[in-house]
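In this note's numbering, the protein residues as written are 1 to 431.
Using N, Cα and C, we set each Cβ at its ideal position, and we do this for glycine too.
Since the structure is predicted, the reported quantities are computational estimates derived from the model, not experimental observations.
Only one structure is covered here, and it is reproduced in the block below.
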Ligand code: PLP
């Protein structure tokens with residue numbers, strides 16, 4: 001595979017942007033090799049600057065659930081752009097998308113749009129602290145909630161990929177307000193509530209973890225978190241930036257039938273444009289300015305292009321709910337299991353964790369139930385696998401600690417090609 005033009009572009013980018021990138025994992029440091037520069041995407045495919053074509057299994061890290069350049073979204077964005085990219089004043093589209101979100105997520109009575117998942121979780125935490133009058137926050141090791149200071153403690157995604165325990169530049173006074181506990185361990189949560197009696201504002205979690213690789217909640221775990229937060233007067237925040245509209249229309253909360261107090265959304269809600277949201281019970285959301293004392297604002301919040309892409313995407317998911325989610329489930333199962341079978345045949349130790357159209361092939365023989373067990377994976381073997389797949393035109397997320405995503409644009413033929421590529425790649429891993 002030729003990456004000549006991508007290499008030249010990377011060299012130029014490195015002179016101008018740290019690591020040549022605007023978001024760390026894109027630099028491919030965890031898997032080695034050269035990152036292809038993308039020019040074009042359509043359906044399940046990406047094309048790079050050297051004309052190589054890839055089956056895309058990271059979908060812009062989640063948003064592209066209907067595939068790239070989904071025609072209704074493209075048309076909606078074009079039409080909105082023709083009316084101006086931004087007004088900084090209210091538009092009907094904000095109410096239109098809000099109505100769709102509320103329809104999909106029964107726990108959300110009211111919401112506010114922002115421009116990134118980071119803003120959504122940061123604002124939800126501020127709201128939880130104001131509502132409860134408490135300052136401590138419980139999060140879980142390996143969960144990533146964006147890059148606001150307090151939420152970088154023991155975070156997943158790129159933070160885990162680079163082995164950083166937190167981040168330089170976060171004062172210990174701020175990091176000290178975050179209690180990072182192991183995922184799937186309810187005793188640890190009970191102990192924290194006992195130690196910090198009446199001081200814990202909220203628990204925030206990815207109800208199905210994606211940012212340590214995919215990890216499902218143990219049976220009864222989410223119910224136990226719901227019960228303890230209610231008992232202790234804390235709020236339960238589901239960060240569904242990744243899982244919302246992906247695991248089911250109403251995200252993990254629909255799948256596991258748990259109603260959180262607050263929910264954060266991102267990625268799919270904006271159809272690939274910068275858009276996210278946080279919402280929940282009206283009595284909590286009404287604490288936001290201008291109704292209440294919690295300040296939160298954004299020049300580009302509710303941006304008309306983002307609203308247009310979100311309405312086209314979420315509108316399609318609502319209108320075609322049954323077909324979309326059953327297709328995603330059966331196709332995801334076919335490819336996730338098909339690759340796992342090839343690993344077994346090649347004698348490569350692999351644990352496949354999958355929930356719907358989101359999964360991770362962990363290079364370990366042991367079950368993965370929390371960050372510690374995820375971190376026991378053979379990341380060097382993953383890197384060899386990643387490179388061998390890329391060489392064959394299959395682009396997986398470039399870290400062991402990320403989830404693979406499927407779109408409705410992937411075809412059976414794409415999946416078969418992927419399984420064949422994996423067969424050859426496992427031979428390279430086993431070497
Ligand atoms: N929360 C979760 C669960 C995420 O996966 C991410 C990003 O990957 C974020 C929050 C942060 O979102 P953004 O990158 O839009 O700031």
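Please report the straight-line C-alpha distance between residue i and residue j, rounded to a whole angstrom.
i           : j           : result
residue 202 : residue 300 : 28 Å
residue 379 : residue 292 : 47 Å
residue 272 : residue 332 : 21 Å
residue 210 : residue 397 : 12 Å
residue 66  : residue 298 : 28 Å
residue 404 : residue 56  : 9 Å
residue 22  : residue 14  : 11 Å
residue 182 : residue 221 : 12 Å
residue 288 : residue 296 : 7 Å
residue 308 : residue 94  : 9 Å
residue 365 : residue 113 : 42 Å
residue 179 : residue 243 : 23 Å
residue 432 : residue 277 : Look at the range of the chain in this structure, 1 to 431, and you will see that residue 432 is not part of it.
residue 261 : residue 283 : 10 Å
residue 324 : residue 353 : 21 Å
residue 302 : residue 98  : 10 Å
residue 313 : residue 240 : 16 Å
residue 259 : residue 429 : 43 Å
residue 29  : residue 374 : 19 Å
residue 426 : residue 247 : 28 Å
residue 274 : residue 191 : 38 Å
residue 104 : residue 318 : 8 Å
residue 17  : residue 39  : 19 Å
residue 232 : residue 224 : 12 Å
residue 304 : residue 206 : 28 Å
residue 154 : residue 204 : 13 Å
Identify the continuous beta strand (DSSP E) that holds residue i and give its terminal residues.
i           : result
residue 48  : 45 to 48
residue 40  : 38 to 42
residue 358 : 358 to 362
residue 237 : 235 to 239
residue 111 : 110 to 114
residue 262 : 262 to 265
residue 352 : 351 to 355
Using a Cβ-based criterion (distance less than 7 Å to any ligand heavy atom), does residue i qualify as near the ligand PLP?
i           : result
residue 121 : yes
residue 206 : yes
Could you name the residues that DSSP lists as bridge partners for residue i?
i           : result
residue 438 : In the structure as shown, the chain begins at 1 and stops at 431. Residue 438 is therefore absent and cannot be evaluated.
residue 140 : 181
residue 68  : 43
residue 211 : 213
residue 395 : 56
residue 404 : 359
residue 288 : 294
Are the C-beta of residue i and some C-beta of chain D separated by less than 8 Å?
i          : result
residue 42 : In the structure shown, chain D does not exist; there is a single protein chain.
Can you tell me where the alpha helix (DSSP H) with residue i in it begins and where it stops?
i           : result
residue 204 : Run containing residue 204: none in the alpha helix (DSSP H); it sits in the beta strand (DSSP E), 200 to 205.
residue 82  : 71 to 82
residue 256 : 251 to 256
residue 191 : 186 to 195
residue 414 : 412 to 430
residue 5   : 4 to 16
residue 280 : Taken as a continuous stretch (DSSP letters only), residue 280 belongs to no alpha helix (DSSP H), being part of the beta strand (DSSP E) at 276 to 280.
residue 304 : 304 to 319
residue 247 : Counting along the chain, residue 247 falls outside any alpha helix (DSSP H), and DSSP gives it neither H nor E.
residue 223 : 221 to 232
residue 135 : Element bounds for residue 135: n/a, residue is neither H nor E.
residue 100 : 92 to 104
residue 175 : 172 to 175
residue 30  : No alpha helix (DSSP H) contains residue 30, which DSSP labels as neither H nor E.
residue 87  : Segment: none, residue 87 is in no alpha helix (DSSP H) and carries neither H nor E.
residue 435 : Outside the shown range of the chain (1 to 431) lies residue 435, about which nothing can therefore be said.
residue 375 : From DSSP, residue 375 is part of no alpha helix (DSSP H); its letter is neither H nor E.
Tell me whether residue i counts as near the ligand HEM, meaning its Cβ is closer than 7 Å to at least one heavy atom of that ligand.
i           : result
residue 263 : Among the ligands present in this structure, namely the ligand PLP, the ligand HEM is not found.
ask   = In chain order, what residues place their C-beta within less than 5 Å of a heavy atom belonging to the ligand PLP?
value = Per the CB criterion, closer than 5 Å to any heavy atom of the ligand PLP, the qualifying residues run in chain order as 116, 117, 118, 145, 146, 206, 239, 241, 242 and 266.
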